[in-house]
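Engineer: If you're matching them up, the sequences are chains F and G in order.
Sequential numbering from 19 applies to the first sequence in our numbering.
Sequential numbering from 5 applies to the second sequence in our numbering.
C-beta: ideal position from N, C-alpha, C; glycine also.
Note that this is a predicted model, so its numbers are computed, not measured.
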Amino acid sequence: MTVSELHRPIDTGEPARPPLLPAQPRRMGPVTRALVLRTIAVIAFAQAVGVVFVAIGGRWRAAGLSLAFPGGGFLYSAAPVAFVLTWAALTVALVLWWGMSVHWGIPLLWVLSAVGAALWADGPRLGYDSGTTWGWAIPVVYLLALAGAGTLVYTFESRFRAKRAKVDELNAYLATATLPEPARPLREPDDMDAELLRWAYELSLQPVDAFRGFEWGEQFHGGTVVRYQLNYLGWALAPYAVNYVPNAPGQIELALRNLVHKQTDLRVWRYWRTLNLIGNLDANPDPLVRDNIMFSGFTGDQINLYEAATGSTIFDEPGSLTFVWEDGRTFAYDHHSWMEAVRRNFDESRLGFFPCEPGWAFAACNTIGAQALLGHDRLHGTELWSELEPRWRRTLELEYLMPDGNYANIRSTHTGLSWDTGETPGGEYFTTGSHGFADVAPDLALRGRMLQLRGTPEKMAGLAAMVRDGELSLELPEEWERNRARKTAVSSWTKLIAGARMVGQGELAEAAQRACDRQCATGDTWPERPLRVGVANLALHLLVRWSTPMDNATLNLRGYVPPVGPVLRDAPWPQVMVTVARSLDGDSLELTLRPGPEPSTAAVSLRFDSLRPGVAYEVHDRDTGADVASLVADAEGAASLDLVVAARRALRLAPVAAVPGDGGGAR
Amino acid sequence: MHARLGLRRAVAGSVSLVISVCLVVFGGHVGAHVVQNVLVPGLGLHEQSWWLAVAVFVAATASIVAWVQWGVDWVPVAIVVGSSVASGVLAEAGHEPAARWVASPAAHEFPLVVVVVTGIVWLRNAARRLPLVRTVLERRRRRHPEPLDALGAVDRSRTAAVLALAGDVERATVLATDPRIAARARRVGLIARARRGPDPFVRDHAAPRAALALAGVLDGDAIDRFREDASRAVAGVPASEPTWVRPLDATLAAVALTRIGETAAGDRWATVWHTNLALRNGHRPAGWWTPLGIRIATAPLWEHAAASALARAHGWHHPERPDADWQAIRRRLLGAAARGSAAVDDERAIAAGRLWLAFADDEQAARILSRPTVQHDPLAVALDRLAAHLADPRDHTDRKDLVA
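In structure tokens, the structure reads:
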């Protein structure tokens, strides 16, 4: 029994109630407080040294003023340009601190500005005599230092108090409000679904070392990071596998497997060596051994979902996930050792969450890392997650939770500081991870969902009123993608569809889906994209689109369950594409086939198994009701069928009656 | 052979040293300038004109490249001798020679050659990996819809020979008989050795002749000349260009000669392969200069891998350490596989590494090397096809005889 299961907000018969927010929230958790105090101590020490230097006078005074406020000594030395340049450099260092883990950038510049100011004390001046000093700079520098510190404290404190002031109201809401059940329709894929699936397959089924159709750019943070494109595609295809084609795993299993294999391509993970070198001063290129949860956690989750959706244990084999550095060094992992590396990183982290980029621990990535451990436990009976869970929850609730139920997006593991990185509104969120805590902390998921959806049912109801005959006559404004490559409305539609489903507005979600397709369709095929949006956001759209009735959180908790009923074992790609293969009654098979990217005018051979041995099956057209073929399962429960797939074919394979003998294959 | 080459090297070294010492001791200022010029071509002329000195140095460097590339050995000799004589004749009296400069026993042009050639090869390889250069090269490659057009004559011959070994004799024939190959051989023969005549392949040119022989388009007379050339050659196989033996060309020639019944050629080549061209610090040389038996530069990874795998397939490996080459190159091959097939050298290395998989029981390497798609460079594609041919158990029962 895990902590999450103890807290599971179901099974009571009453409307589920989430845990309330702490009535007397603390400003920061114990580890964060220790880190912040350490940072304050270092700054205070620098200030004390600065005061001593200022008191000594001469060139020491210039150095001391730069310690009091970076570049302050230059102001004292009548070098305002150097002062401005110092702050320009500090701004760059700040960006690099976040972007490239250059933790030493600001301290280095701070110290250099002190050394530089001391060395320049008697040097030439621009427009002034050598050795000129501005005495007024001393109070100004200290005022600037005080103003800076005061602004930081005021910003933090006012934000904290504003959030704390909402606690009572929010707790009252949490104690009384109810949310409608989410809509989880069983969808029949339409033409756009088929186009999108074809695109995803072509992207995934190209040779493992080929990345045609992916968006390449910088690989550290931005919207062109290929590892995330691979993650999102894997996350999107996993629910398709369980919701649409559980009884035809062949094509989608290979696509999902290839997406994982592509993660081990050097071009995808090479960025880590640079980050590790800069941020940890460690030249080890191994992408799993230290930090980097945005890779290890995300891809670990992707591997779990692959295994949970397909039942394949190929990545459980030793060395099946081997990274090769450019000099030939190998770092061999498998599903188990991968997860053990994630767990080890959690264990070794003082904060409880471990960093993505060195020094920066994100709540989102650590939640996905937690999902990964949970998924592995479910699939393999390990206790990687259950042992870690109490500590993980403590970190989440003590170190990252804000008074109003939001969680901080990011925290520096060196300084304890946290700020709005621009990735999420306000640098915070009510739920996070790709499953919104639904699997790793269902109680917190409910609380977060309730807080997140305050007022949403009313807004969605307003939109639902606009739906006429299943159509939503609306176009959403286009917004810039994160990589600034293009504007798109798809992301807004994705949020709308997800929001509508979350508040049970299934009809609105379907109408929004169609409206999105209408507004954003390009008519292009791979390597271009069928919707006007980048690869990452398109994959996220697919994740929402295909996550019904089962989503990845449920899949992660469920693990692999073999399909019931007939299974279409082989369907030749790229001649034919299976868009539906599922058995709703355990006996028959609903099958929808479409031409693949290289369709054949000749009949293609389809091989079925898991049929009832010796039983005759009829194949009907589900659209017209016409008989298409009949076949008899052999003694092994297998049969094959030759079929021309020149256009969409919606079929139903159902047993007719048992026949004597051991069957004779296809007709 | 070892003793003979050793004697030659000793004589050449001694003569160089004696002449240098004599020039310095007895030649005075003139001799010092001559020695300076022998050490660094052009240096002896610096007092007359720095421009002239630099021009001679550049010309000497270019001539060394031409020598290493095409065997045109008389050009660097002429430049060094000519400029040395000129530096002696034009030397001004009035200052003391820097006699200590000649104290080093290595003070002759060969170390310089090794340094220059190795440096050029290293710089070229390093430059190809620079982000901007790599982008330009990739774009240029993309502009050629048929990469075969961009393939040089030597690589074309190598590709033909490898394809023939892989069983694609038809395509090998087309490639091996490309008139550009004969034109190059004619040009090299004329410039390097003043050879004229209807048959450009009368001497040397190991790769083209191997390709023609393996494709089965060498006539009886040409086969006889091939055999005769091999029997006279110090390496047991014809040189690639006059005086230069290159590992892959020589191995392909040995395979071809073995196939036409000249098994002694293979045995003699095997001796050279694991003595004169033996592994040193994990590398084999890019070339071997037969007059003095001098190794030069380092063989590119792909050539090392391809030549050693073919040698291994024919039992020409070191009897006690049959997989020494694999152990030496394995990690670098995996690195090439990690970098992928964007760069030609890496693509060839990947394909050549796959040849080795027929002999090395190495599951991890097999998985890593099998991952990149080899599809751009024709020689890499040919090596890949040969690797598939070697790996196909339906075709072979005894790996030693895979390509025989």
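Check whether chain F comes within 9 Å of Gly297(G), counting only Cβ atoms and requiring the distance to be less than that.
Structural biologist: Position 293 of the second sequence, counted from the start, is the residue given in the question as residue 297(G). Cβ-Cβ to chain F under 9 Å: no for Gly297(G).
Engineer: Quick check: is the beta carbon of Arg44(F) nearer than 9 Å to any beta carbon in chain G?
Structural biologist: Along the first sequence, one-based indexing puts residue 44(F) at 26. No - not a single Cβ of chain G is within 9 Å of the one on Arg44(F).
Engineer: By the criterion of Cβ-Cβ separation under 9 Å, what are the contact partners of Arg336(G) in chain F?
Structural biologist: By one-based count along the second sequence, residue 336(G) stands at place 332. Chain F residues near Arg336(G): Asp345, Gly346.
Engineer: Round the Cβ separation of Ala390(F) and Gly466(F) to the nearest angstrom and send it over; I've been treating them as touching at under 8 Å.
Structural biologist: As a working note, residue 390(F) is residue 372 in the first sequence. As a working note, residue 466(F) is residue 448 in the first sequence. About 20 Å; that fails the 8 Å criterion.
Engineer: Please confirm if the region 221-233 of chain G is in contact with the region 120-140 of chain G, defined as three or more CB-CB distances below 8 Å between the two stretches.
Structural biologist: In short, these stretches do not touch, since the Cβ pair count stays below three.
Engineer: Quick one: what does DSSP say Pro673(F) is sitting in, helix, strand or coil?
Structural biologist: Mapped onto the first sequence, residue 673(F) falls at position 655. Reduced to three states, the DSSP call for Pro673(F) is strand.
Engineer: Quick check: the Cα distance between Leu435(F) and Glu401(F), rounded to an integer number of angstroms?
Structural biologist: Here the question's residue 435(F) lines up with position 417 in the first sequence. Here the question's residue 401(F) lines up with position 383 in the first sequence. Approximately 32 Å, taken between the alpha carbons.
Engineer: Give every residue of the same chain whose Cβ lies closer than 8 Å to the Cβ of Leu144(F), excluding the five residues on either side of it in the sequence, and list them in chain order.
Structural biologist: Against the first sequence, residue 144(F) aligns to sequence position 126. Only Ala97, Val99 meet the Cβ criterion.
Engineer: Where Asp309(F) and Glu236(F) are concerned, what is the direct C-alpha to C-alpha distance, given to the nearest angstrom?
Structural biologist: Translated into positions along the first sequence, residue 309(F) becomes position 291. Translated into positions along the first sequence, residue 236(F) becomes position 218. Approximately 20 Å between the Cα atoms of the pair.
Engineer: For chain F, find out if any of its Cβ atoms is closer than 9 Å to the Cβ of His112(G); answer yes or no.
Structural biologist: Taking the first residue of the second sequence as 1, we reach residue 112(G) at position 108. Model confidence at His112(G) stands at a pLDDT of 46, short of 50, so the residue's coordinates are unreliable; what they give is reported in the following sentence. Judged by the 9 Å Cβ criterion, His112(G) is not in contact with chain F.
Engineer: Helix, strand or coil for Trp105(G) per DSSP?
Structural biologist: What you label residue 105(G) is simply residue 101 of the second sequence in a count that begins at 1. Because Trp105(G) carries a pLDDT of 45, less than 50, the predicted location of this residue cannot be relied on, and the following value inherits that uncertainty. In this structure, Trp105(G) counts as helix in the three-state DSSP scheme.
Engineer: Please check the pair Leu394(G) and Leu359(G), which I expect to be a contact at CB under 8 Å, by giving their CB distance rounded to whole angstroms.
Structural biologist: Within the second sequence, numbered from 1, the residue matching residue 394(G) stands at position 390. Within the second sequence, numbered from 1, the residue matching residue 359(G) stands at position 355. Going by Cβ atoms, the distance from Leu394(G) to Leu359(G) rounds to 6 Å, so yes, they are a contact pair.
Engineer: Determine, for Thr163(G), whether the minimum Cβ-Cβ distance to residues of chain F falls below 9 Å.
Structural biologist: Here residue 163(G) is taken as the residue at index 159 of the second sequence, counted from 1. No, because no Cβ of chain F sits closer than 9 Å to the Cβ of Thr163(G).
Engineer: Quick one: is Glu367(G) near chain F, going by C-beta distance under 9 Å?
Structural biologist: Residue numbering aside, residue 367(G) sits at position 363 when the second sequence is read from its first letter. With 9 Å as the cut-off, Glu367(G) counts as an interface residue toward chain F.
Engineer: Would the region 393-412 of chain F and the region 72-86 of chain F be scored as touching if the rule is three or more Cβ pairs under 8 Å?
Structural biologist: With the cut-off at 8 Å, the region 393-412 of chain F and the region 72-86 of chain F do not touch.
Engineer: Can you pull the chain F residues whose beta carbon is under 7 Å from the beta carbon of Arg343(G), in chain order?
Structural biologist: In the second sequence, the residue the question calls residue 343(G) occupies position 339. Under the 7 Å cutoff, chain F gives Leu284, Glu344.
Engineer: Looking at the structure shown, is Ile83(G) part of a helix, part of a strand, or coil, going by DSSP?
Structural biologist: Residue mapping note: residue 83(G) aligns to position 79 of the second sequence, counting from 1. In this structure, Ile83(G) counts as helix in the three-state DSSP scheme.
Engineer: Within its chain, find whatever has a CB closer than 7 Å to the CB of Arg202(F); leave out the 5 residues flanking it on each side and keep chain order.
Structural biologist: Start at 1 with the first residue of the first sequence, and residue 202(F) comes out as number 184. Once the five neighbours on either side are set aside, the close Cβ partners of Arg202(F) are Thr566, Pro567.
Engineer: Measuring alpha carbon to alpha carbon, tell me which of Asp208(G), Ser161(G), Pro295(G), Ala198(G) ends up nearest Arg15(G).
Structural biologist: Your numbering for residue 15(G) matches position 11 in the second sequence. The question names Arg, yet the displayed sequence has Val at residue 15(G). Nearest option by C-alpha distance: Pro295(G).
Engineer: Return yes when the Cβ of Phe92(F) is within less than 9 Å of the Cβ of Thr109(F), no when it is not.
Structural biologist: In the first sequence, counting from the first residue as 1, residue 109(F) sits at position 91. In the first sequence, counting from the first residue as 1, residue 92(F) sits at position 74. Not in contact: Thr109(F) and Phe92(F) (Cβ atoms no closer than 9 Å).
Engineer: Under 9 Å between beta-carbons, which chain G residues line up against Thr340(F)? List them in chain order, please.
Structural biologist: The residue given as residue 340(F) occupies position 322 in the first sequence. In chain order: Gln368, Arg371, Ile372.
Engineer: Who are the Cβ neighbours of Val286(F) in its own chain at under 6 Å, not counting the five residues just before and after it?
Structural biologist: If you number the first sequence from 1, residue 286(F) lands on position 268. Cβ within range, chain order: Val244, Arg245.
Engineer: Based on the DSSP secondary-structure assignment, which residues constitute the bridge partners of Asp182(G)?
Structural biologist: Locating residue 182(G) in the second sequence gives position 178, where the first residue counts as 1. Paired residue(s): none; Asp182(G) is not in a bridge.
Engineer: Let me know if Trp277(G) comes out buried or exposed under the rule of 16 or more other beta-carbons within 10 Å of its beta-carbon.
Structural biologist: Here residue 277(G) is taken as the residue at index 273 of the second sequence, counted from 1. Per the 10 Å Cβ criterion, buried.
Engineer: Once you ignore the five residues that flank Glu616(F) on each side, which residues in its own chain have a CB closer than 7 Å to its CB?
Structural biologist: Working through the first sequence from its first residue, we reach residue 616(F) at position 598. Around Glu616(F): Pro592, Gln593.
Engineer: Please confirm if Asp304(F) has its CB atom under 9 Å from at least one CB of chain G.
Structural biologist: Mapped onto the first sequence, residue 304(F) falls at position 286. So no, Asp304(F) is outside the interface.
Engineer: Check the Cβ of Gly337(F) against every Cβ in chain G and list those closer than 7 Å, keeping chain order.
Structural biologist: Counting from one through the first sequence, the residue named residue 337(F) turns up at place 319. Simply Gln368.
Engineer: To the nearest angstrom, report how far apart Lys184(F) and Gly451(F) are at their CA atoms.
Structural biologist: As a first step, residue 184(F) is located in the first sequence; it is residue number 166 there, counting from the start. As a first step, residue 451(F) is located in the first sequence; it is residue number 433 there, counting from the start. So the two alpha carbons sit approximately 25 Å from each other.
Engineer: Can you name the residues of chain G whose CB is closer than 9 Å to the CB of Val226(F)?
Structural biologist: Stepping through the first sequence from its first residue, residue 226(F) is reached at position 208. What Val226(F) touches in chain G: Arg375, Pro376, Thr377.
Engineer: Which partner residues of Phe349(F) appear in the DSSP bridge assignment?
Structural biologist: Start at 1 with the first residue of the first sequence, and residue 349(F) comes out as number 331. In DSSP, Phe349(F) forms a bridge with Phe341(F).
Engineer: I'd like to know if His279(F) contacts chain G, where contact means its C-beta is closer than 9 Å to some C-beta of that chain.
Structural biologist: Within the first sequence, the letter at position 261 stands for residue 279(F). With 9 Å as the cut-off, His279(F) counts as an interface residue toward chain G.
Engineer: Could you work out which residue in Ala664(F), Trp115(F), Phe87(F), Gly117(F) is closest to Val129(F) when comparing CA atoms only?
Structural biologist: Looking up residue 129(F) in the first sequence gives position 111. Among Ala664(F), Trp115(F), Phe87(F), Gly117(F), the Cα nearest to that of Val129(F) belongs to Phe87(F).
Engineer: Using three-state DSSP, classify Ile298(G) as helix, strand or coil.
Structural biologist: On the second sequence, position 294 is the one that residue 298(G) refers to. Looking at Ile298(G) - three-state DSSP - the assignment turns out to be strand.
Engineer: Would a C-beta distance cut-off of 9 Å place Leu339(F) and Tyr351(F) closer than the cut-off?
Structural biologist: Here residue 339(F) refers to the residue found at position 321 when the first sequence is read from its first residue. Here residue 351(F) refers to the residue found at position 333 when the first sequence is read from its first residue. In contact: Leu339(F) and Tyr351(F) (Cβ atoms closer than 9 Å).
Engineer: Could you name each continuous beta strand (DSSP E) segment of 3 residues or more that falls completely within the region 115-150 of chain F, going from the start of the chain to the end?
Structural biologist: With a minimum length of 3 residues, no continuous beta strand (DSSP E) run stays inside the region 115-150 of chain F.
Engineer: Restricting to Cα atoms, I'd like to know which of Pro475(F), Trp356(F), Leu575(F) is closest to His453(F).
Structural biologist: What you label residue 453(F) is simply residue 435 of the first sequence in a count that begins at 1. It is Leu575(F) whose Cα lies nearest to the Cα of His453(F).
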